[in-house]
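Take a look at the structure below.
Number of protein chains: 2
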Amino acid sequence: MTPVSRRRLGYLFKHAQSRLAGLTGPALEPLGVDTRELAVLTVLDARTPMSQQQAAQALRIDRTTMVAMVDALEGKGLVSRRPHPDDRRKNAVELTAHGRDVLRDGSAAIDEAERVFLAPLSEDERRLVRDALDRLASG
Amino acid sequence: MTPVSRRRLGYLFKHAQSRLAGLTGPALEPLGVDTRELAVLTVLDARTPMSQQQAAQALRIDRTTMVAMVDALEGKGLVSRRPHPDDRRKNAVELTAHGRDVLRDGSAAIDEAERVFLAPLSEDERRLVRDALDRLASG
DNA sequence: CACTGATCGTCAGTAAGACTGATGATTAGG
DNA sequence: CCTAATCATCAGTCTTACTGACGATCAGTG
């Protein structure tokens with residue numbers, strides 16, 4: 001067995017993420033959304049309405065990617081687009097009632113999936129890993 | 140600022156990995172390989188020669204993906220393919236002298252990139268994160 | 001007011017990465 | 001032998017996310 005210290009961080013991240021995706025994907029599947037879409041719903045919930053650009057920046061994804069995401073979510077009736085009252089270049093994107101329902105159920109499903117994912121760790125380790133990852137992600 | 144505890148693990152993994160890739164990619168670029176190719180060189184070094192299937196399983200990547208990887212590495216003169224003496228269905232893949240050089244320099248470059256990546260953490264945290272990630276990746 | 005530069009959303013095209021399914025060559029077991 | 005399994009390969013596909021261009025709109029300047 002290869003000692004832990006010899007495994008590359010890239011390998012560890014890739015496969016940890018793969019395992020997490022294997023838990024979250026199926027958990028959301030009955031709701032008809034994927035993890036990326038749920039992330040969009042989450043940021044929209046934080047401060048609604050929001051421009052697509054704002055939402056994209058909050059998630060650090062590309063503006064053109066957000067177009068497709070909002071297209072999909074709008075098609076599923078989870079969000080609505082309307083012209084922004086203050087600036088007609090912008091879309092005011094907001095959650096629909098159905099979108100809020102899916103966000104609530106989806107968040108619970110992700111919470112549970114993360115719980116299973118983190119089961120190999122102790123309470124202290126879970127807290128530390130989350131904190132450390134946050135700092136590593138921010139740089 | 141969003142509190143740490145509210146950020147999804149999926150988000151944290153994605154962006155931590157993105158930052159790591161931003162360090163390792165440029166570090167390997169002068170050597171003419173990417174991180175995935177260096178990973179293949181690493182497993183080949185552990186036990187050479189190796190069939191493509193073995194190498195693929197060691198890295199948990201698809202057999203068809205490995206074909207393209209070995210194609211690329213062979214094209215760069217870093218590995219060689221020859222018929223396996225014991226089983227002519229297999230390729231015996233092994234590092235060339237040049238491949239060993241690139242592996243050595245690439246490993247050093249990755250070590251340094253990981254050091255920079257982990258700089259936001261304390262010594263204890265670095266050790267714990269690596270250990271925890273290993274368990275999370277394995278399930 | 002007219003003009004310039006920037007911003008927002010959109011779309012077409014593209015590229016990377018990794019998969020599925022089929023195929024030919026080879027091996028192992030009965 | 002014959003059948004089933006294994007290995008490498010290839011073509012095709014799918015996902016994800018990007019670049020670059022566009023029209024519409026806004027803000028600031030003179």
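Line by line, the protein sequences give chains D and R.
Under the numbering used here, the residue at position 116 of the first sequence is numbered 116, and the numbers go up by one with no gaps.
Under the numbering used here, the residue at position 29 of the second sequence is numbered 168, and the numbers go up by one with no gaps.
Just so you know, even glycine gets a beta-carbon here, dropped at the ideal spot from N, CA and C.
Remember, it's a predicted structure, so these values are computed and weren't measured experimentally.
Nearest-angstrom Cα separation, counted from residue j out to residue i
i: K215 (chain R); j: H154 (chain R); result: 31 Å
i: Y11 (chain D); j: L133 (chain D); result: 15 Å
i: R63 (chain D); j: E37 (chain D); result: 14 Å
i: R135 (chain D); j: L198 (chain R); result: 27 Å
i: R8 (chain D); j: A276 (chain R); result: 12 Å
DSSP state of residue i mapped onto helix, strand, coil
i: S190 (chain R); result: coil
i: R81 (chain D); result: strand
i: A92 (chain D); result: strand
i: S5 (chain D); result: Residue placement at S5 (chain D) cannot be trusted, given a pLDDT of 42 that sits under 50; the coordinates are not used to answer.
i: A140 (chain D); result: Past the boundaries of the shown model lies residue 140 (chain D); chain D is included only from 1 to 139, so the question cannot be answered.
i: D62 (chain D); result: coil
i: V300 (chain R); result: Nothing can be reported for residue 300 (chain R), as the shown portion of chain R is limited to 140 through 278.
i: G32 (chain D); result: coil
i: D86 (chain D); result: coil
i: V215 (chain R); result: The question names Val, yet the displayed sequence has Lys at residue 215 (chain R). Coil.
i: G139 (chain D); result: coil
Residues near residue i by beta carbon distance below 6 Å, same chain, minus five either side
i: R82 (chain D); result: A92
i: L23 (chain D); result: A113, V116, F117
i: E27 (chain D); result: It should be noted that the sequence gives Ala, not Glu, for residue 27 (chain D). These residues qualify, in order along the chain: A109, A113.
Residue i CB to nearest heavy atom of the ligand ADP below 8 Å
i: L73 (chain D); result: Ligands displayed in this structure: none; no statement on the ligand ADP is therefore possible.
Contacting residues, own chain, Cβ-Cβ under 8 Å from residue i (five flanking each side not counted)
i: G238 (chain R); result: L180, L183, L212, G216, L217, V218
i: S18 (chain D); result: none
i: Q53 (chain D); result: R63, M66, K90
7 Å Cβ shell around residue i - same chain, five flanking residues per side excluded
i: S5 (chain D); result: At S5 (chain D), the pLDDT of 42 sits below 50, so the modelled position is not reliable; the number obtained from the coordinates is stated separately. Within the same chain, S5 (chain D) has no close Cβ partners at all.
i: T48 (chain D); result: E94, L95
i: A178 (chain R); result: L198
On the three-pair Cβ rule with 8 Å, is the region 246 to 266 of chain R touching the region 109 to 125 of chain D? Contact fails: fewer than three Cβ-Cβ distances are below 8 Å.
Of the residues that make up the region 259 to 274 of chain R, which ones have a beta carbon closer than 8 Å to any beta carbon in chain D? P259, L260, E264, L267, V268, R269, D270, A271, L272, D273, R274
Can you list, in chain order, the residues of the region 90 to 120 of chain D whose Cβ is nearer than 8 Å to any Cβ on chain R? I110, E114, F117, L118, P120
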